[in-house]
Structures are given as C-alpha cells and as structure tokens.
Amino acid sequence: MNYNKKTVKDVDVRGKKVLLRCDFNVPMAKDGSGVITDDKRIRAALPTIQYLLEQGAAVIACSHMGKPKGQVKPELSLKPVAVRLSELLGQDVIMAADVVGPDAQAKAAALQPGQIMLLENTRFEKGETKNDPELAKAMASMAEVYVSDAFGAVHRAHASTAGVADYLPAVSGFLIQKELEVIGGALANPKRPLVAILGGSKVSSKIGVINNLLEIADTVIIGGGMAYTFSAAQGGTVGDSLLEADWESYANDMVKKAQEKGVKFLLPVDTVIANAFAPDAESKVVPTGSIPDGWQGLDIGPETVKLYCDAVADAGTVIWNGPMGVFEFPKFAKGTEAVAEALSKTDAITIIGGGDSAAAVQQLGYADRMTHISTGGGASLEFMEGKELPGVACLLDA
Ligand code: ADP
Ligand code: MG
Numbered sequence: 033m034n035y036n037k038k039t040v041k042d043v044d045v046r047g048k049k050v051l052l053r054c055d056f057n058v059p060m061a062k063d064g065s066g067v068i069t070d071d072k073r074i075r076a077a078l079p080t081i082q083y084l085l086e087q088g089a090a091v092i093a094c095s096h097m098g099k100p101k102g103q104v105k106p107e108l109s110l111k112p113v114a115v116r117l118s119e120l121l122g123q124d125v126i127m128a129a130d131v132v133g134p135d136a137q138a139k140a141a142a143l144q145p146g147q148i149m150l151l152e153n154t155r156f157e158k159g160e161t162k163n164d165p166e167l168a169k170a171m172a173s174m175a176e177v178y179v180s181d182a183f184g185a186v187h188r189a190h191a192s193t194a195g196v197a198d199y200l201p202a203v204s205g206f207l208i209q210k211e212l213e214v215i216g217g218a219l220a221n222p223k224r225p226l227v228a229i230l231g232g233s234k235v236s237s238k239i240g241v242i243n244n245l246l247e248i249a250d251t252v253i254i255g256g257g258m259a260y261t262f263s264a265a266q267g268g269t270v271g272d273s274l275l276e277a278d279w280e281s282y283a284n285d286m287v288k289k290a291q292e293k294g295v296k297f298l299l300p301v302d303t304v305i306a307n308a309f310a311p312d313a314e315s316k317v318v319p320t321g322s323i324p325d326g327w328q329g330l331d332i333g334p335e336t337v338k339l340y341c342d343a344v345a346d347a348g349t350v351i352w353n354g355p356m357g358v359f360e361f362p363k364f365a366k367g368t369e370a371v372a373e374a375l376s377k378t379d380a381i382t383i384i385g386g387g388d389s390a391a392a393v394q395q396l397g398y399a400d401r402m403t404h405i406s407t408g409g410g411a412s413l414e415f416m417e418g419k420e421l422p423g424v425a426c427l428l429d430a
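Terminal number for the sequence shown in our numbering: 430, no gaps in between.
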C-alpha cells in the first residue's frame, strides 16, 4: 500500500463544498441523556475543520456513531456532537436531520463558504456498512471534494470511508496524514534498530502483527497475557494464566521464524503471579514456565523489565502494541509502566498503537512523551499487520 497520499493542502477548496469524514464516534453517557463523556475525538478533528473553514470551504461533516445497523436510533444521533463541535469551534454547526435525505440535501445546497454542517449518523443508512454505491453517490453529490480524517475507520470499506472516493477527488486530513507519516514511515523505512513490543491479552488477536513485524523489526519483544502461550509451547507450566492452547504451535513457528530471519526475539524470563484475577490478589514473582496451579501471571517480572528496558534503550524506532500486564490493576501495572518510562527516556521514535495500549500510556501519565499515539485501535492494528486499509487506498496518491 502506498502511504504517500495527497492531503487537504494539495487541493484548492476555496468556495467548494467539502465532504469531510470524521471519527465522531465518541463515548456517550449510558442514561440516554446525550452527554458526551470524552470529547477527545471531536477535538482531534478541529485542525482539519478549522483549516478548511479558513480556506473558505463549505464543510459537510459526517461520521458514524455506534452500531444502529441501518436503522434510525435517536440515542445514536450525532446531535450532541454538533452541539459540542459548535462550542469548540465558536460557530454554528448546522445539524441535518438525515444522511442523504431531503433535509441534508437542502442544507448542503444552501451551505455557504466558511459554514459547517453535520450529517446524521452515516450508519442510519443501510448502505453505509455495505459500501453501497448508490449511497456513496448520493453523499458525493452534495460536495465537490472528499476529505477523509477518520483514521479510526479506515480499515473499513464503507460508503462514507471509501465508496465516496469513486465519485470525488479524495485526499487526507491532518489526522490521517500524521498516522501515515509516522506509522507508515516506521513500517516502510524505519530508523533502526526497530524494536516491536507486542503484548495484550491474546496471541490469536495479534498473530498478524507478530508475523508482519517479524519481517521488518530487528527485535521483537513479547509480553502480556499472550506470553503464557509461548511459555506453554516451550513446555512450561502456566497455572491458570491466559492460555490459547490452539496457538502453541503457531508460537513455536514464530520463534523459529525469528531465528531464521536473525530477529532478536525476547520472551519474559520471570513473571508476577497472583492467586486470583483481582486488584488486591496475593502476588509473587516466579521464573517463566513455573507457575503453580491456582496461580496466574498478571504482569512481567522485574528481571524481564530490565531486559526489555535495555532492549529499547538504543532503539531508533519503537512500535508498541499491547500492555505488558493487567495495567488496569495498579499492583500489576508495573511492567507496563516501566516500559512506558523507558520509552519516554529514549531518543527513539516511539509509536503506540492499540486502544488499550493508548489508554495505558495515558493513564500512567506518559502520553505527551511519545512521538505518536495512534487515534485508531483496530485501524492501527491492521496497519501494523501490513494490510491494505480501504480508507487510505482510496485516496489520491501524492
Ligand atoms: P490493545 O488494545 O492495546 O491492542 P489488547 O486489547 O490486545 O491491547 O490487550 C489489552 C488487555 O490485555 C488489557 O485489558 C490487559 O488487562 C490485558 N492483559 C495484559 N496482560 C494480561 C495478563 N497477563 N492476563 C490477562 N490479561 C492481560
Ligand atoms: Mg484492546
């Protein structure tokens, strides 16, 4: 996949209607009060929106929210987003009552340069997730240029994320541009040595990433729950730890592949075990592969922490996907925190991908010391797997 795409700066948008795909899929209060509990995604969209408005474009913003499955679900309306966006921009945001219906069409037709409107939840339309060309055409017909800035949705080939690019010149906004520059750069032409730290809960959800990064990285580091499948595959006992027995042979294949490719492959040498999956469980440190029955590994141990921190110290680039332990429990967050701290101290380009990894780095207070924290969980995972992202592939090459 070509990561070098045209951006908003490469097209003339003055006096033009711009269809802007944002990721406004924000968390909402569960009580149906329409209160947005975290507006990070709305704020992240501001630079592109403000640039377009300053350039004299008329902006027709759109996004999905939740999974209404092609039905109009009032609790998944984007109205609260329009209100918050209007506060942040300090200007009116015109809310359409539908996606491509008469209200959206009329409001889009009347929209003036410097004005912004928001279409209703794109997934209120059945054709959205099916990438229906009729829906894509109807959305495109309201605008003259398509700008995509919803990195969190680029791994989906939907009408508003990819289909519309068949009918309009398509470029990236600033959010996608940065993701492509930093992650794409690290994958295509990394500053070496490239160290990949892979953790999280399951091997099965990370197979693609491990496999792809083994092709690219100089060192691959394994932590988190998936380490126990590697340990069991090597004949260790893992007690009640997370284990995917079906993936043991795959784990061995990955170790072998690393050897063949001359990639350094680091597995934990010790682990913090607990007598229950609980924040206040009794805990102790044991060597890898010797976890007694009734105990489970919830974090990497102190020797492993040293080993991993040494391995990143002189890295050129570090890609990190997946926490080292159950960081949600402070007692078992030490491994994840130590790695975050080590990354904050290196001169390396540091890239965090994955929803929980981003949350961990934020929660532990290291977010502003990383080069890049991806705004897309699933999208960054597929990016690191080396898969083609439909919402990127559809944009014009630079
Ligand atoms: P990401 O979202 O960054 O890709 P994952 O979703 O793969 O990461 O994994 C994150 C989850 O893995 C966290 O909720 C964390 O508690 C869990 N986890 C990490 N280590 C362990 C472990 N040893 N046992 C159980 N769960 C773990
Ligand atoms: Mg996750």
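Glycine included, C-beta positions come from ideal geometry on N, C-alpha and C.
Please read all numbers here as calculations on a predicted model, not as lab measurements.
Would you say the beta carbon of residue i is closer than 7 Å to some non-hydrogen atom of the ligand ADP?
i	result
residue 294	no
residue 271	no
residue 275	no
residue 232	yes
residue 360	yes
residue 237	yes
residue 330	yes
residue 244	no
residue 307	no
residue 34	no
residue 389	yes
residue 353	yes
residue 195	no
residue 413	yes
residue 256	yes
residue 397	no
residue 357	yes
Taking all protein chains shown into account, do 16 or more other C-beta atoms lie within 10 angstroms of the C-beta of residue i, making it buried, or fewer, making it exposed?
i	result
residue 180	buried
residue 319	exposed
residue 37	buried
residue 236	exposed
residue 238	buried
residue 42	exposed
residue 328	buried
residue 302	buried
residue 256	buried
residue 163	buried
Among the options, whose alpha-carbon lies nearest the alpha-carbon of residue i?
i	options	result
residue 309	155, 290, 330, 89	330
residue 266	188, 74, 322	322
residue 160	145, 183, 131	131
residue 145	49, 33, 293, 397	49
residue 353	361, 120, 406	406
residue 403	415, 394, 382	382
residue 60	175, 52, 72, 307	72
residue 137	122, 175, 120	175
residue 178	39, 394, 408, 268	39
residue 98	91, 55, 120	55
residue 516	93, 216, 420	Beyond the ends of the chain as shown, which are 33 and 430, falls residue 516; an answer cannot be given.
residue 333	365, 379, 307, 324	365
residue 90	47, 114, 120	47
Considering just the uninterrupted stretch of the alpha helix (DSSP H) at residue i, what are its terminal residues?
i	result
residue 424	422-425
residue 388	387-395
residue 319	Element bounds for residue 319: not the alpha helix (DSSP H) but the beta strand (DSSP E), 315-319.
residue 138	134-142
residue 329	Premise fails: residue 329 lies in the beta strand (DSSP E), 328-332, not in any alpha helix (DSSP H).
residue 259	259-265
residue 114	111-121
residue 241	239-248
residue 303	Where residue 303 is concerned, there is no enclosing alpha helix (DSSP H), although the beta strand (DSSP E) it sits in stretches over 302-306.
residue 81	72-86
residue 161	159-162
With respect to 7 Å, is the separation between the Cβ of residue i and the closest non-hydrogen atom of the ligand MG below this value?
i	result
residue 418	no
residue 386	yes
residue 409	yes
Could you spell out the range, first to last residue, of the beta strand (DSSP E) harbouring residue i?
i	result
residue 297	296-298
residue 227	226-230
residue 49	49-53
residue 127	125-127
residue 208	Premise fails: residue 208 lies in the alpha helix (DSSP H), 206-211, not in any beta strand (DSSP E).
residue 93	90-94
residue 284	Careful: residue 284 lies outside any beta strand (DSSP E), inside the alpha helix (DSSP H) at 280-293.
residue 97	From DSSP, residue 97 is part of no beta strand (DSSP E); its letter is neither H nor E.
Does residue i get closer than 8 Å to chain C when you measure Cβ to Cβ?
i	result
residue 353	Judged by its chain identifiers, the structure shown contains no chain C, having just a single protein chain.
The region 60-71 contacting the region 100-120, beta-carbon criterion three pairs below 8 Å: yes
At least three beta-carbon pairs within less than 8 Å, the region 382-395 to the region 186-199: no
Touching by the beta-carbon criterion (3+ pairs, under 8 Å), the region 129-143 and the region 73-81: no
Contact the region 117-136 vs the region 205-223: 3+ CB pairs below 8 Å: no
Segment contact, 8 Å Cβ cut-off, at least three pairs: the region 254-261 with the region 271-282: In short, these stretches touch, since the Cβ pair count reaches three.
At least three beta-carbon pairs within less than 8 Å, the region 226-239 to the region 194-210: Touching, no.
Three or more C-beta pairs below 8 Å linking the region 242-255 and the region 335-343: Contact holds: three or more Cβ-Cβ distances are below 8 Å.
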